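Going by the working numbering, the residue at position 99 of the sequence shown is 112; the numbering climbs one at a time, nothing skipped.
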Amino acid sequence: MTNLVSLKDVNFIYEDKIVLDHVNLDIEKGIFMGLMGPNGGGKTTLIRIILGLLKADTGSVELFGQPIEKFKDWHKIGYVSQKSNAFNRGFPATVFEVVSMGLTAKIGYFKFFKQKHKEKVKHALKQVDMLEYMHQNIGDLSGGQQQRVFIARALVSNPEFLILDEPTVGIDQKNIKIFYELLHDLHRNKGITLLLVTHDVGTMTQHVDQVCCLNKKLHFHGDTDKYNALTDTELSNLYGHPVNLVQHNHQ
14 MTNLVSLKDV NFIYEDKIVL DHVNLDIEKG IFMGLMGPNG GGKTTLIRII
64 LGLLKADTGS VELFGQPIEK FKDWHKIGYV SQKSNAFNRG FPATVFEVVS
114 MGLTAKIGYF KFFKQKHKEK VKHALKQVDM LEYMHQNIGD LSGGQQQRVF
164 IARALVSNPE FLILDEPTVG IDQKNIKIFY ELLHDLHRNK GITLLLVTHD
214 VGTMTQHVDQ VCCLNKKLHF HGDTDKYNAL TDTELSNLYG HPVNLVQHNH
264 Q
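In structure tokens, the structure reads:
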């Protein structure tokens with residue numbers, strides 16, 4: 014399979030502290046991967062390195078087969094950050110306007126917004142079942158609805174690879190189920206490769222193809238069945254503290 018992301022012997026140090034320690038990771042095209050680990054384990058740093066927001070101290074990073082230093086096709090990568098706790102609900106923008114911001118990388122700032130761009134925004138909103146809310150203010154929506162809008166903003170540039178960083182924070186259980194159904198549709202029916210960063214281990218492992226456990230080092234990378242077969246003791250060794258894996262059934 015083709016690797017969309019390839020990290021080789023990646024190290025990152027911040028204020029004399031090792032954040033990432035010789036991380037090797039390949040993300041294959043068509044995979045739904047879950048990334049987990051304790052707070053401070055380096056997950057966010059890893060994502061920022063993949064997005065080109067941070068540079069590894071040593072090691073190499075390739076995106077779509079190119080060294081990250083030469084990679085230009087950033088529209089191929091969509092990103093949905095943690096937004097629920099930090100989003101300003103008074104932000105004066107409609108759903109349509111928020112999603113259209115995702116086209117900036119393609120059409121540039123202050124460029125004329127053509128009809129074809131408007132259709133792209135509508136299509137992205139339709140993909141997440143939010144088209145009927147396009148004229149509403151983003152701050153008037155529920156947490157789950159807002160997150161769908163932010164996914165639409167990431168989808169509007171038609172990415173091949175979508176990164177979601179703790180996307181279910183602040184979303185109630187009913188909407189989490191709907192959210193995972195959306196991810197399944199994007200993965201299976203739209204062919205988008207997904208990387209999901211989450212602490213919701215029990216729910217996540219029901220949906221992803223592969224699991225990575227990062228705690229400075231990449232301690233585990235394998236199929237979900239192999240991860241679920243780990244004992245509590247093995248999990249605790251991965252996380253550096255006692256862990257009990259609880260499986261949830263939200264079907």
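Note that beta-carbon positions come from the ideal geometry of N, C-alpha and C, so glycine has one too. Computed from a predicted model, the values in this text were never measured in an experiment.
Would the beta-carbon of residue i fall within 8 Å of that of residue j?
i, j, result
"residue 181", "residue 191", "no"
"residue 60", "residue 210", "yes"
"residue 223", "residue 244", "no"
"residue 212", "residue 49", "yes"
"residue 204", "residue 78", "no"
Kindly list the residues whose CB is nearer than 7 Å to the CB of residue i, restricted to its own chain and excluding five residues on each side of it in sequence; keep chain order.
i, result
"residue 167", "91, 92, 93, 115 and 175"
"residue 140", "165 and 168"
"residue 241", "218"
"residue 31", "229"
"residue 144", "135 and 138"
Classify residue i as buried or exposed, calling it buried when 16 or more other Cβ atoms lie within 10 Å of its own Cβ.
i, result
"residue 270", "Nothing can be reported for residue 270, as the shown portion of the chain is limited to 14 through 264."
"residue 58", "buried"
"residue 228", "buried"
"residue 55", "buried"
"residue 201", "exposed"
"residue 138", "buried"
If you drop the 5 nearest sequence neighbours on each side, which residues of the same chain put their C-beta closer than 6 Å to that of residue i?
i, result
"residue 173", "89"
"residue 133", "169"
"residue 84", "76"
"residue 73", "21"
"residue 158", "none"
What is the rounded straight-line gap between the Cα of residue i and the Cα of residue j?
i, j, result
"residue 36", "residue 16", "16 Å"
"residue 108", "residue 130", "15 Å"
"residue 207", "residue 28", "31 Å"
"residue 98", "residue 127", "The predicted model places residue 98 with a pLDDT of 45, which falls under 50 and marks its position as unreliable; any figure quoted below should be read in that light. Spanning the two alpha carbons is a distance of roughly 34 Å."
"residue 26", "residue 148", "45 Å"
"residue 153", "residue 186", "20 Å"
"residue 221", "residue 70", "30 Å"
"residue 246", "residue 23", "27 Å"
"residue 171", "residue 178", "19 Å"
Segments assigned beta strand (DSSP E), at least 3 residues, entirely inside the segment 149–202:
174–178
Residue ranges of each beta strand (DSSP E) within the segment 208–256, 3 or longer:
223–228 and 230–236
For the segment 22–58, which segments carrying the alpha helix (DSSP H) assignment without a break, of at least 4 residues, lie completely within its bounds, in sequence order?
none
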